[in-house]
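Let me begin by presenting the structure, written as structure tokens, before commenting on it.
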Amino acid sequence: MEKTSSNTFFITTPIYYVNDKPHIGSALTTVTADFLARFYRLDGKKVFFAVGTDEHGSKIAQAAALAGKTPEDFVKILSLNFKQNWQNLNISFDDFIRTEEDRHKKAVILFLSKLKDSEYIYKGSYRGFYCNGCESFYEKTDLDENGNCKIHRQPVKLIEEENWFFALSRFSDILKEKIASNQIYIFPENRKNEILSFLNQGLKDVSISRQSVFWGIPLPFDQNQITYVWIDALINYISIIGFGQNEEMFYQFWPANLHLLGKDIARFHCIIWPALLLAVGLKPPQALFVHSFFTVEGKKMSKSLSNIISPSELIDKFGVDGTRYLLLKSLPRENDSDIQMKKLEDTYNADLKFGLGNLFSRVLTVALKHNIKNINPSKEDFPDLQKQVIQNINNYFEAIKTIDTEKAISAILHNITLVDILFDREKPWSLKIDEPKLKNIINFSIENLRLLSILIFPLMPETSFKIRKVLGLDTFEKLPTGALEKRLSWGYEKMTITSEIKHLFE
RNA sequence: CGCGGGGUGGAGCAAUGGCAGCUCGUUGGGCUCAUAACCCAAAGGUUGGCGGUUCGAGUCCGCCCCCCGCAACCA
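Here the working numbering is used: the first residue of the first sequence is 22, the next is one more, and so on.
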């Protein structure tokens with residue numbers, strides 16, 4: 022079945038496993054998704070932006086027991102923590118799904134029933150190394166040099182149990198074809214190539230259930246087996262838009278336009294998930310963006326190194342918008358990239374405090390010094406520079422198509438520089454009030470600020486609003502189709518400088 | 001020889017075979033409207049190594065060295 026509307030945009034982040042805390046990695050994915058969601062709302066799309074938490078599995082059950090809580094109470098608190106973190110980062114999600122919610126469980130049960138009805142499910146046996154302490158299975162590669170569990174340093178047992186299997190192997194060719202032809206568009210390209218080369222080796226079937234786990238969703242056709250958490254988790258992408266419960270909404274948004282994810286979970290999303298969907302007759306997602314990881318001061322982020330940076334640490338230092346900006350500018354695409362506090366501070370100062378912030382102050386100070394409050398930009402205000410501004414805006418749009426946030430930001434910075442150069446060249450502060458050039462300079466600069474306020478909105482919504490308020494402009498989070506282009510045209514509206522100037526960034 | 005990506009000034013990146021550029025940082029100068037801000041300039045490179053093709057190679061070819069990603073149920 023086709024999507025019922027071509028104007029919708031369904032975008033997701035992974036649902037985060039509640040056993041880990043939110044860190045700058047999960048914040049990175051989430052902020053990037055928010056940037057896109059906000060952009061597409063401005064661009065006239067009907068956006069559905071989904072986030073959530075993954076709450077099942079034996080690890081959670083153990084952690085809950087350790088904390089002396091029931092799993093239900095335990096995950097509720099942890100899930101809320103994620104939600105609050107995203108709210109703190111001003112994430113404009115449209116819905117937040119928890120795998121413990123009834124609506125999700127219902128969707129999982131329906132999905133698995135359909136899967137069972139397909140010819141792709143069979144019973145087989147699963148072999149793995151079982152650690153009593155962890156109550157979970159490991160692969161050989163997960164064990165330490167003595168073949169013991171890394172956490173408990175205890176010997177593990179090779180256990181074989183009956184599981185239900187999904188015939189993933191039968192999807193190799195169809196997936197290859199769809200990915201190679203970009204019907205399932207995986208990018209950046211290196212990730213697509215990786216997935217394709219993996220597919221070329223042929224796929225093995227995967228087990229979709231566990232016997233030894235109790236915290237999860239029982240299979241509808243075998244109550245003794247619990248749905249394997251990954252299968253459970255992936256289904257969130259359809260349960261959140263009403264799979265099996267709200268058909269109208271579901272077909273409005275499915276297939277997803279874009280799944281965002283980190284490279285660690287590329288396989289599940291690029292192979293297993295599309296195969297599962299195809300098995301039950303649903304369309305695979307249209308696009309998957311796989312980003313790379315941050316290292317911190319040259320080292321992998323890990324609990325054992327205790328070098329994990331939390332979003333709140335960055336917010337304390339750089340504010341919400343500053344944090345969003347720095348994450349987006351640092352988004353690692355093809356390769357991992359290194360985060361260093363010193364560098365983040367440098368970037369914050371150069372781009373925000375002394376770039377955008379300083380520009381805002383100097384432009385408004387000069388305008389008010391000459392008592393110019395009413396701004397009416399025209400095509401005659403430095404047409405050569407206008408051309409460059411428009412070129413940069415085009416570059417910004419192009420960059421967003423490929424989720425190249427660094428390039429999008431670079432386009433914004435270029436427009437800031439244009440005004441700084443103009444000021445230095447024309448020295449408006451020294452001009453007399455009746456010199457016609459003065460008006461052109463102020464017009465150009467303020468109009469550029471207006472355009473910037475729109476361009477930065479998806480990145481830094483609060484800062485955008487601050488600028489607009491001072492310029493006497495309305496604020497908005499979504500626009501009808503085609504309206505963004507109009508609003509980005511030179512001289513779209515008159516402005517009146519209304520309030521006192523405050524610094525944008527401290 | 002498992003598959004794939006890459007090695008370019010201190011950092012991050014860019015260059016259909018045609019003067020090796022951009023952003024940040026550093027240094028010097030200018031300016032003083034602006035948040036020690038802004039503008040200009042300079043320094044800084046044998047483009048990982050060796051060889052080859054070519055009038056001309058970061059770019060093409062061969063060999064070598066080094067880094068990184070992926071190699072399945074880690075939720």
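Cβ atoms here follow ideal geometry from the backbone N, Cα and C, with glycine treated the same way.
Here the structure is a predicted model, which means the values were calculated and not measured.
Euclidean distance between Cα positions of residue i and residue j
i      : j      : result
Gly78  : Tyr143 : 22 Å
Leu309 : Ile112 : 20 Å
Ile293 : Trp251 : 10 Å
Glu121 : Pro35  : 16 Å
Ala188 : Asn211 : 27 Å
Asp342 : Leu480 : 7 Å
Gln412 : Lys400 : 15 Å
Leu476 : Leu349 : 14 Å
Asp64  : Pro501 : 7 Å
Ala429 : Asn109 : 24 Å
Gly89  : Gln83  : 10 Å
Ser313 : Leu282 : 9 Å
Phe56  : Thr496 : 17 Å
Gly223 : Phe289 : 15 Å
Ser202 : Lys24  : 20 Å
Gly302 : Phe114 : 28 Å
Leu133 : Gln307 : 22 Å
Asn461 : Lys507 : 22 Å
Leu131 : Leu509 : 46 Å
Glu268 : Pro404 : 52 Å
Asn184 : Asn40  : 25 Å
Phe150 : Pro176 : 9 Å
Gly493 : Glu514 : 11 Å
Of the residues the options, the one placed nearest residue i, counting alpha carbons only
i      : options                        : result
Glu215 : Lys453, Ile286, Asp243         : Ile286
Trp511 : Glu521, Ser431, Ile442, Asp402 : Asp402
Ala300 : Gly65, Lys487, Lys135, Leu49   : Lys135
Gly503 : Phe60, Asp41, Tyr38, Gly46     : Phe60
Cys291 : Glu334, Gln204, Asn184         : Gln204
Asp455 : Ile393, Leu476, Phe444, Asn397 : Ile393
Gly73  : Tyr258, Ser193, Phe444, Lys458 : Tyr258
Gly145 : Ile130, Phe186, Lys137, Arg119 : Phe186
Lys364 : Tyr417, Leu347, Ile261         : Leu347
Arg119 : Glu181, Ser202, Ala254         : Ala254
Gly263 : Gln83, Thr53, Asp116, Lys225   : Asp116
Glu93  : Arg191, Leu57, Gly237, Thr53   : Gly237
Tyr417 : Asn28, Ile433, Gln222          : Ile433
Ser27  : Leu240, His125, Asn278, Phe95  : Asn278
Ala71  : Leu505, Leu443, Ile261         : Ile261
Ala54  : Met270, Glu76, Leu494, Phe30   : Phe30
Val52  : Lys507, Phe478, Gly493         : Phe478
Asn379 : Glu182, Pro176, Val177, Ile522 : Ile522
Ser193 : Glu366, Pro295, Thr423         : Pro295
Thr423 : Asp441, Tyr206, Phe95          : Tyr206
Leu472 : Gln361, Leu505, His280         : Leu505
Ser323 : Tyr37, Gly46, Tyr38            : Gly46
Chain-order list of residues whose beta-carbon lies under 7 Å from that of residue i (same chain, five-residue window excluded)
i      : result
Leu298 : Lys304, Pro305
Thr91  : Ala85
Arg62  : Val68, Glu498, Lys499
Lys197 : Leu217, Leu220
Asn106 : Pro43, Pro332
Tyr249 : Ser228, Ile229, Ser230, Arg231
His435 : Asn413
Ala48  : Leu110, Pro332, Leu348
Beta-bridge pairing of residue i - partner residues as DSSP gives them
i      : result
Phe186 : Tyr143, Ser228
Arg119 : Thr74
Phe69  : Phe31
Thr248 : Ser230
Glu8   : The chain is shown from 22 up to 527; residue 8 falls before or after that span and cannot be answered.
Gly149 : Ile180
Ser358 : Phe315
Asp243 : Leu240
Own chain, CB closer than 8 Å to residue i, minus 5 neighbours either side, in chain order
i      : result
Asp359 : Phe315, Thr316, Val317, Glu318, Gly319
Gln407 : Lys400, Phe465, Trp511
Spatial neighbours of residue i in its chain, beta-carbon cut-off 6 Å, leaving aside the 5 residues before and after
i      : result
Thr344 : Leu335, Ile336
Ile463 : Ala388, Ile393
Lys126 : Ile238
Asn395 : Thr517
query: How about the stretch 507–526 and the stretch 369–379: do they share at least three Cβ pairs that are nearer than 8 Å?
result: yes
message: Any contact between the stretch 229–246 and the stretch 205–221? By contact I mean 3 or more CB pairs, one from each, below 8 Å.
response: no
message: Between the stretch 484–493 and the stretch 97–113, can you find at least three pairs of beta-carbon atoms closer than 8 Å?
response: no
message: Check whether the stretch 384–395 and the stretch 340–356 touch, using three or more Cβ-Cβ pairs below 8 Å as the test.
response: no
field: Contact the stretch 504–519 vs the stretch 464–471: 3+ CB pairs below 8 Å
entry: yes
- request: Decide yes or no for the touch test of the stretch 239–256 against the stretch 270–282: beta carbon pairs closer than 8 Å, at least 3 of them.
  value: no
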